[in-house]
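Residue numbers for the sequence shown follow my numbering, beginning at 282 and rising by one.
We treat Cβ as the ideally placed atom computed from N, Cα and C, and that holds for glycine.
On a predicted model such as this, the values are computed, not experimentally measured, just so you know.
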Amino acid sequence: MEDKRIWTKPISLAMLNGMCAGTLVEHMGIRFTDIGEDYLRATMPVRGTNLQPKGLLHGGASVVLIETVCSM
């Protein structure tokens, strides 16, 4: 059976969320909500600061969320 773990050392949600204090991640309201051996989940609120002028989620905000999760 193939080892699919993505973490090379012990990690916790508190550690991940703490690392993001004072960064764009915190400004965007991104929070890590669940972690497992082969996955990481995060949420980002859709609010005025990440909307495009027509009131839809800005595509760049989606990229920030994706980049944040995939970079951990």
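What separation, rounded to the nearest whole angstrom, lies between the Cα atoms of residue i and residue j?
{"i": "residue 319", "j": "residue 289", "result": "11 Å"}
{"i": "residue 294", "j": "residue 352", "result": "15 Å"}
{"i": "residue 333", "j": "residue 283", "result": "43 Å"}
{"i": "residue 323", "j": "residue 343", "result": "12 Å"}
{"i": "residue 326", "j": "residue 302", "result": "17 Å"}
{"i": "residue 291", "j": "residue 348", "result": "21 Å"}
Below 8 Å on the Cβ atoms is my contact criterion, and I expect residue i with residue j to pass it. Report the Cβ-Cβ distance as a whole number of Å.
{"i": "residue 297", "j": "residue 313", "result": "4 Å"}
{"i": "residue 240", "j": "residue 350", "result": "Outside the modelled stretch of the chain, which goes from 282 to 353, sits residue 240, for which no answer is possible."}
From what residue to what residue does the beta strand (DSSP E) around residue i run?
{"i": "residue 323", "result": "320-324"}
{"i": "residue 317", "result": "312-317"}
Compute the distance between the beta-carbons of residue i and residue j, then report whether it is under 8 Å.
{"i": "residue 346", "j": "residue 311", "result": "yes"}
{"i": "residue 233", "j": "residue 309", "result": "Summary: the structure shown does not reach residue 233, with the chain confined to residues 282 through 353, and so no result is reported for it."}
For residue i, which residues in the same chain have their Cβ closer than 8 Å to its Cβ, ignoring the five residues on either side in sequence?
{"i": "residue 328", "result": "310"}
{"i": "residue 286", "result": "318 and 319"}
Residues in the same chain with beta-carbon distance under 6 Å from residue i, minus the five sequence neighbours each way, listed in chain order, please.
{"i": "residue 340", "result": "none"}
By Cβ distance, which residues of its chain are closer than 7 Å to residue i, with the 5 residues on each side in sequence left out?
{"i": "residue 307", "result": "301"}
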